[in-house]
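Heads up: the structure comes next, in structure tokens.
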Amino acid sequence: MLSRGSEFPAGRVALIGAGPGDPELLTLKAYRRLQQAEVMLYDNLVSPEIVDFCPSTVERIYVGKSAGNHTLPQEEISRRLLDLARASRRVVRLKGGDPFVFGRGGEEMALLVEHGIEVEIVPGITAALGAAAAFGFPLTHRDHAQSCVFVTGHYKDHSIDLNWQALAQPQQTIAIYMGVKGLDIIARQLQAHGLPGTTPAALIYRATWPNQKIYPATLATLPEVARRHAVAPPALLVIGDVVALAENP
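Okay, so the sequence shown: first residue is 376 according to the working numbering, each after it adds one.
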């Protein structure tokens with residue numbers, strides 16, 4: 376693993392978090408690596424403005440995934456990174472949010488390290504942090520939430536068999552990534568395991584982007600709100616008392 380330093384030698388891969396969308400939320404190190412890159416592989420949720428931080432001479436390879444539409448299988452993306460590094464290129468892998476928060480950066484890093492490739496991790500602001508900041512509510516609060524958990528809305532096999540008992544705790548904020556398609560199950564199971572139907576909740580679409588939108592609800596009304604507004608991915612689901620503090624322009 377790599378840590379501090381301004382050098383970006385040939386044959387290294389930088390796994391970079393692009394943040395939730397707003398280009399001004401990109402870190403200085405991420406910007407510097409984009410300027411130094413020779414080739415960039417980037418995802419669907421990276422804003423065009425951030426992609427354009429790379430010089431025009433940089434080779435740009437789109438490897439984005441959306442629901443039911445993968446440009447390349449994950450294994451092929453990891454293999455492409457390996458081949459480019461072996462060809463002595465300075466490689467940037469640009470991911471929305473943070474590469475280690477539901478970004479599959481761990482899988483890509485493991486393959487590269489296994490084959491002796493030097494990997495640098497540049498963290499980014501993950502979607503839950505961006506959403507909370509964009510709409511003015513905290514994820515933790517001494518009066519409302521003493522814990523916060525980040526959860527994937529489905530497993531690798533697309534099942535939604537989560538630890539409902541652990542999630543349905545009082546004074547806890549739940550941020551669920553990729554949970555739009557499983558809203559009915561999520562809302563039903565959390566209530567069945569003790570979380571009141573009146574618990575504040577919100578679906579947040581493209582936080583920090585110009586077209587960001589928040590859809591306030593309660594745990595009981597979540598599925599109805601999602602259907603009424605035709606909420607589609609990419610949207611983050613946040614459940615907990617802190618959501619009641621959100622600004623709703």
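Idealized CB from N, CA, C, for every residue including glycine.
Quick caveat, the model's predicted, so the values are computed rather than measured.
Query                                                                                                                        : Result
Buried or exposed (CB count within 10 angstroms, at least 16 for buried), residue 376                                        : Only weak support is given to the placement of residue 376: the predicted model assigns it a pLDDT of 45, under 50, and the value that follows is read from those uncertain coordinates. Result: exposed.
Bounding residues of the alpha helix (DSSP H) (the contiguous stretch that carries residue 542)                              : 539-542
Buried versus exposed, by CB contacts within 10 Å (16 or more), residue 427                                                  : exposed
Same chain, Cβ closer than 8 Å to residue 422, neighbours up to 5 away in sequence not counted                               : 393, 396, 397, 398, 584
Helix, strand or coil at residue 389 [DSSP, three-state]                                                                     : strand
Run of the alpha helix (DSSP H) containing residue 600, from where it starts to where it stops                               : 597-604
Whole runs of the beta strand (DSSP E) within the segment 407-489, excluding any shorter than 3 residues                     : 414-417, 434-437, 466-470
Spatially closest choice to residue 627 from 586, 406, 621, by CA coordinates                                                : The shown model of the chain, from 376 to 624, leaves out residue 627, and the question about it has no answer.
Exposure label - residue 378; buried when at least 16 CB within 10 Å                                                         : Unreliable positioning characterises residue 378 in this predicted model, as indicated by a pLDDT of 46, which lies under 50. The coordinate reading is nonetheless provided below. With fewer than 16 Cβ atoms within 10 Å of its Cβ, residue 378 is classed as exposed.
Within the segment 549-608, ranges of the alpha helix (DSSP H) (whole runs, at least 4 residues)                             : 558-567, 597-604
Limits of the unbroken beta strand (DSSP E) element including residue 611                                                    : 610-614
Residues of its chain near residue 567, where Cβ-Cβ distance is below 6 Å and the 5 sequence neighbours each way are ignored : none
Beta-carbon proximity list for residue 501, same chain, < 6 Å, skipping 5 on both sides                                      : 472, 473, 476
Short Cβ contact (7 Å threshold) for residue 573 with residue 593                                                            : yes
First through last residue of the alpha helix (DSSP H) which encompasses residue 401                                         : No alpha helix (DSSP H) holds residue 401; DSSP gives it neither H nor E.
Helix, strand or coil at residue 396 [DSSP, three-state]                                                                     : coil
Residue 434 classed as buried or exposed, judged by whether at least 16 other C-beta atoms fall within 10 angstroms          : exposed
Separation of residue 581 from residue 596, as counted between CA atoms                                                      : 21 Å
Extent of the continuous beta strand (DSSP E) to which residue 524 belongs                                                   : 522-527
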